[in-house]
């Protein structure tokens, strides 16, 4: 570890790098992120290419943007040695030959394989950013000059400027016996906030008002909504572990910070949404409303499915890895003093506890400046 004492605006601090062994990323996580990035670039290039031809080709090609999740889901099933792949392949072939609509086959495959790919990517992102975010928040209000990364984290997590964030901690013991539906509901509410951007796009895009493209709209919406869990669920780990900055008053919870940021962003979005409805699509308000309700139902359904899979399969392993390496991040508490913490039980309350005069510890004398 490279230790370097840096002078900040609120005091000096050790500007040390994260320990080498604290990384949570496994080989599988690296493969997932590489596969997701590569397939996203390829699928996006294909959609752009089809869009350059004009007409509705771009909308028809939009389902290809779900390819990263399909590939990541395949990788997860292969790694886990689930035989469900063969069953799904056989079922897809049967559905194809009995003239089942291709859209239905697409939805079934991506609800099963794509959902697993979404969760695998979410888990990889969590492992990638968790300790990086904690280290950034830890010294964000002590540094004299903030980097672009510091400013981004401060904005996303709504970190107060006047708070000493060095006393950051979390809960070490977490045992779940059932799906935390309250946390699932929180993820769904964040997903609906992000979904407002999709609704604005729906209402502003005149292509959605074209009857010839109505058959591809639900499939396109489904593809876009698959990305919502990737945007809102990586932060769920901060809520599960109750990551917080302890103060003498009310603790600052990291997850509440990013939730507040999304809520602030949702206010102007709502205003813009109603403006768009009135100004652009007055003649077809019912069609826009139908797609909004449909997209909201898709968001709720997909986030519920993805959340259940996440809490059932992935969360416990990730939390165990985080907790096992927490002592590397924080070997001892940052603030250690002689005064008792009023929030915790005092040893002075235990009968027979010996008492010692604090003057016995001596007096610290600092040299005078010359």
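Residue numbers (the numbering used here): 1 to 370.
All residues carry an ideal CB built from backbone N, CA and C; glycine is no exception.
> Mind checking residue 310: buried by the 16 CB within 10 Å criterion, or exposed?
Replying inline: buried
> Can you tell me whether residue 314 is buried or exposed, with buried defined as 16 or more other CB within 10 angstroms of its CB?
Replying inline: Buried, by the Cβ-count rule.
> What is the DSSP secondary structure of residue 176, counted as helix, strand or coil?
Replying inline: coil
> For the alpha helix (DSSP H) that residue 41 lies in, which residues bound it at each end?
Replying inline: 27-52
>> If you follow the alpha helix (DSSP H) that residue 149 is in, where does it begin and where does it stop?
In response: Here the alpha helix (DSSP H) through residue 149 covers 148-156.
> At a cut of 8 Å, does the segment 58-71 reach the segment 296-305 through at least three beta carbon pairs?
Replying inline: no
> How would you call residue 265, buried or exposed, if buried means at least 16 neighbouring beta carbons within 10 angstroms?
Replying inline: Counting Cβ neighbours within 10 Å, residue 265 comes out exposed, since fewer than 16 surround it.
> DSSP three-state call for residue 18: helix, strand or coil?
Replying inline: coil
>> To the nearest angstrom, how far is the alpha carbon of residue 238 from that of residue 53?
In response: 45 Å
> How should residue 211 be labelled, buried or exposed, when 16 other C-beta atoms within 10 angstroms of its C-beta is the threshold for buried?
Replying inline: The predicted position of residue 211 is uncertain, since its pLDDT is 43 and thus under 50; a value taken from the coordinates is nonetheless stated next. When all chains shown are included, residue 211 counts as exposed.
> In chain order, what residues of the same chain have a beta carbon less than 6 Å from the beta carbon of residue 253, not counting five sequence neighbours either side?
Replying inline: Cβ contact annotation for residue 253 (same chain, cutoff 6 Å, sequence separation greater than five): 244, in chain order.
>> Need the endpoints of the alpha helix (DSSP H) that residue 234 sits in, please.
In response: Here residue 234 belongs to no alpha helix (DSSP H), and DSSP marks it neither H nor E.
> If we ignore side chains and look at the alpha-carbon of each, how far apart do residue 125 and residue 33 end up?
Replying inline: 8 Å
> Are any of the Cβ atoms in chain B nearer than 7 Å to that of residue 306?
Replying inline: Among the protein chains of the structure shown there is no chain B, as only one such chain exists.
>> Going by beta-carbon coordinates alone, are residue 257 and residue 320 separated by less than 7 Å?
In response: no
>> Quick check on residue 175: buried or exposed, where buried means 16 or more other Cβ atoms within 10 Å of its Cβ?
In response: exposed
>> On the DSSP letters alone, give me the boundaries of the alpha helix (DSSP H) that residue 251 sits inside.
In response: Where residue 251 is concerned, there is no enclosing alpha helix (DSSP H), given that its DSSP letter is neither H nor E.
>> Which residue marks the beginning of the alpha helix (DSSP H) containing residue 135, and which one marks its end?
In response: 115-138
> Going by DSSP, what residues sit across from residue 168 in a beta bridge?
Replying inline: 245
> Does DSSP put residue 142 in a helix, a strand or coil?
Replying inline: Reduced to three states, the DSSP call for residue 142 is coil.
> What distance in whole Å lies between the Cβ atoms of residue 36 and residue 121, which are believed to be in contact at a cut-off of 8 Å?
Replying inline: 5 Å
> What number of angstroms, rounded off, separates the C-alpha of residue 138 from the C-alpha of residue 113?
Replying inline: 38 Å
>> Quick check on residue 188: buried or exposed, where buried means 16 or more other Cβ atoms within 10 Å of its Cβ?
In response: buried
> Relative to the alpha-carbon of residue 105, which residue among 219, 262, 156 and 326 has its alpha-carbon at the smallest distance?
Replying inline: 219
> Taking DSSP as the reference, what is the three-state secondary structure of residue 315?
Replying inline: helix
> In three-state DSSP terms, what is residue 327?
Replying inline: helix
> How would you label residue 250, buried or exposed, when you count the other beta carbons within 10 angstroms and need 16 or more for buried?
Replying inline: exposed
> In chain order, what residues of the same chain have a beta carbon less than 7 Å from the beta carbon of residue 165, not counting five sequence neighbours either side?
Replying inline: 137, 138, 140, 141, 159 and 245
>> Using only CA atoms, which one of 49, 228, 308 and 150 lies nearest to residue 177?
In response: Check the Cα spacing between residue 177 and each of 49, 228, 308 and 150: the tightest is with 308.
> Can you tell me the Cα-Cα spacing of residue 18 and residue 27, whole angstroms?
Replying inline: 19 Å
> Among 248, 193, 242 and 240, which one has its Cα closest to the Cα of residue 231?
Replying inline: 193
> In whole angstroms, what is the alpha-carbon distance linking residue 117 and residue 148?
Replying inline: 30 Å
> Quick one: what does DSSP say residue 227 is sitting in, helix, strand or coil?
Replying inline: Looking at residue 227 - three-state DSSP - the assignment turns out to be coil, as it is neither helix nor strand.
> What's the call for residue 168, buried or exposed, on a 16-neighbour Cβ count within 10 Å?
Replying inline: buried
>> Using only CA atoms, which one of 109, 60, 235 and 127 lies nearest to residue 317?
In response: If we check each option's Cα against that of residue 317, 127 comes out closest.
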